[in-house]
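Have a look at the structure below before the remarks.
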Amino acid sequence: MNRLTTLVATLLASTLVTAGCGDDGPSITVYNAQHEQLLDELAPKFTEQTGIEVELRNGKDLELSNQLVQEGEASPADVFLTENSPAMSQVEAAGLFAPLPEELVAPIPAQYRPTSGLWTGFVARSTVLVYNADLVEESELPGSILDLADPEWAGRLSFSPTGADFQAVVAAVLELEGEDATRAWLEGIESNGTVYDGNNVVLEAVDSGESEVGIIYHYYWYRDLAEGGDVSDSSRLHFFGDQDPGAFVSVSGAGILASSDHPDEAEQFVEFLVGEAGQQALADSYALEYPLNPAVQLDPPVKPLAELEPPEVNVSDLDAERVVALMTEVGFL
Ligand SMILES: [Fe+2]
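Sequential numbering of the sequence shown, starting at 2, is according to this note's numbering.
Listed below in structure tokens is the structure:
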């Protein structure tokens with residue numbers, strides 16, 4: 002009798018332990034369109050600090066935003082992370098985000114958040130022109146990204162139009178210059194440029210001299226430099242500055258789904274991402290993207306965020322659908 006009681010007690014205890022570590026334990030599902038490697042570095046640090054497990058479902062910005070819109074209330078996602086903000090705006094417009102508490106997002110300066118308070122930026126990337134230093138003199142560099150549509154750049158330019166990164170740059174041009182000017186610019190760079198699949202490939206093409214200049218984000222070049230300079234030794238970065246559309250700083254967003262079954266844990270995750278510990282982990286990671294919490298800075302040689310002179314763009318106003326329509330019309334997509 003005694004042994005039976007012990008056996009039952011043991012079985013019961015092990016069932017409870019299993020339940021505690023399994024489906025019923027604290028856990029959140031993150032739809033992640035930021036670079037997979039970055040979240041593979043950050044998520045375990047959050048779990049270590051809070052005991053909350055993170056299940057990452059990785060995809061691209063618009064792929065996951067479209068999926069969220071389709072799934073609606075039934076989505077298993079608790080948190081959505083993007084590389085660029087147009088995909089956040091799409092999910093916001095569909096009414097799927099829960100408001101973020103003001104004190105939670107306070108560490109991020111207001112310009113990197115939508116006025117709606119429905120999501121927040123947590124990291125940023127600068128548009129740059131990478132150029133082959135053997136082929137292009139510094140004095141030849143364009144003053145504006147819009148100049149790349151001029152005939153003098155014919156056959157010298159490259160970019161990756163299918164990526165969310167480039168599409169965010171187009172969204173900024175559209176917001177700043179309007180539809181007609183953006184269409185004309187796209188037509189110009191379409192006839193001047195060579196299309197590659199991925200910013201890494203653009204960087205390689207410029208460094209090897211296959212192309213003279215390329216439109217990318219800053220971190221592709223700095224990461225390569227940090228890893229030994231394989232495809233950054235013959236190239237340099239040109240920051241447009243001066244509030245030019247080409248100095249656009251794109252924000253990666255974080256938001257909590259209103260349909261989340263784990264809103265407290267989801268809030269803790271976003272709090273970690275924007276707080277000092279998460280931002281420092283971000284700064285210390287391979288990524289070399291800009292932390293947005295002013296308490297944390299990237300080390301040199303990365304050009305400081307404060308020196309970039311980006312144009313003023315409201316993060317809520319970047320419109321993925323209009324960009325896709327315009328780029329399709331011009332023949333990029
Ligand atoms: Fe990227």
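Backbone N, C-alpha and C define an ideal beta-carbon position, used for all residues, glycine too.
On the three-state DSSP scale, how would you describe residue i?
i: TYR132; result: strand
i: SER28; result: strand
i: ILE190; result: helix
i: ASN200; result: helix
i: ALA75; result: helix
i: THR183; result: helix
i: THR116; result: coil
i: CYS22; result: Unreliable positioning characterises CYS22 in this predicted model, as indicated by a pLDDT of 44, which lies under 50. The coordinate reading is nonetheless provided below. It is helical.
i: LEU13; result: Note on LEU13: pLDDT 46, under 50, position unreliable in the model; the coordinate value appears next. Residue state, collapsed to three classes: helix.
Just to confirm, does residue i get its C-beta within under 7 Å of one of the non-hydrogen atoms of ligand 1?
i: GLU37; result: no
i: ASN133; result: no
i: TYR291; result: no
i: ASP166; result: yes
i: GLU330; result: no
i: ASN200; result: yes
i: GLU139; result: no
i: GLU84; result: yes
i: TYR197; result: no
i: TYR287; result: no
i: TYR357; result: Since the first residue shown for the chain is 2 and the last is 334, residue 357 is missing from the structure and cannot be characterised.
Can you give me the C-alpha to C-alpha distance between residue i and residue j, rounded to a whole angstrom?
i: LEU238; j: ASP151; result: 20 Å
i: GLY332; j: PRO102; result: 42 Å
i: ALA259; j: SER253; result: 19 Å
i: ALA185; j: THR48; result: 48 Å
i: GLY156; j: SER127; result: 24 Å
i: GLY194; j: GLU272; result: 42 Å
i: GLU188; j: GLU176; result: 17 Å
i: SER86; j: GLY118; result: 14 Å
i: GLU213; j: ILE109; result: 37 Å
i: PHE160; j: PRO27; result: 43 Å
i: HIS36; j: LYS61; result: 9 Å
i: ASP234; j: LEU226; result: 8 Å
i: GLN281; j: LYS46; result: 11 Å
i: ALA99; j: LEU149; result: 41 Å
i: GLU313; j: ALA75; result: 36 Å
i: GLU277; j: VAL316; result: 23 Å
i: GLU58; j: TYR287; result: What sits at residue 58 in the sequence shown is Arg, not Glu. Answer to the nearest angstrom: the Cα atoms are 20 Å apart.
i: TYR291; j: VAL174; result: 21 Å
i: SER140; j: TYR32; result: 44 Å
i: ALA44; j: SER90; result: 24 Å
i: PRO162; j: GLN269; result: 35 Å
i: VAL124; j: VAL106; result: 13 Å
i: VAL129; j: ILE146; result: 9 Å
i: GLY229; j: GLU211; result: 21 Å
i: GLU191; j: ALA182; result: 14 Å
i: ASN294; j: ARG323; result: 31 Å
i: PRO301; j: GLY73; result: 43 Å
i: GLU266; j: GLY279; result: 15 Å
i: PRO143; j: ALA248; result: 12 Å
i: ASN67; j: GLY164; result: 15 Å
i: VAL92; j: ARG114; result: 15 Å
i: SER236; j: ASP135; result: 8 Å
i: GLU42; j: ASP318; result: 31 Å
Just to check my reading of the structure: residue i and residue j have Cβ atoms closer than 8 Å, yes? What is that Cβ distance to the nearest angstrom?
i: GLN244; j: PRO311; result: 7 Å
i: SER251; j: ALA169; result: 4 Å
i: ALA321; j: ALA172; result: 7 Å
i: ASP166; j: TYR223; result: The Cβ separation is near 15 Å, so there is no contact.
i: MET289; j: TYR220; result: It should be noted that the sequence gives Leu, not Met, for residue 289. Contact flag correct, Cβ pair sits at about 4 Å.
i: ALA255; j: VAL70; result: Contact flag wrong, Cβ pair sits at about 18 Å.
i: GLY199; j: VAL207; result: Rounded, the Cβ-Cβ distance is 13 Å, inconsistent with contact.
i: VAL131; j: LEU82; result: Contact doesn't hold; Cβ gap of about 26 Å is too wide.
i: THR30; j: GLU56; result: 5 Å
i: GLY242; j: LEU309; result: 7 Å
Unbroken stretches of the alpha helix (DSSP H), 4 residues or longer, contained in the stretch 126-178: Within the stretch 126-178, the complete alpha helix (DSSP H) runs of at least 4 residues are 165-178.
4 or more residues per run - each alpha helix (DSSP H) lying fully within the stretch 273-321: 277-285
Segments assigned beta strand (DSSP E), at least 3 residues, entirely inside the stretch 45-112: 54-59 and 80-82
Those runs of the alpha helix (DSSP H) which lie wholly inside the stretch 190-270 and span at least 4 residues: Qualifying alpha helix (DSSP H) stretches, in chain order: 200-209 and 219-227.
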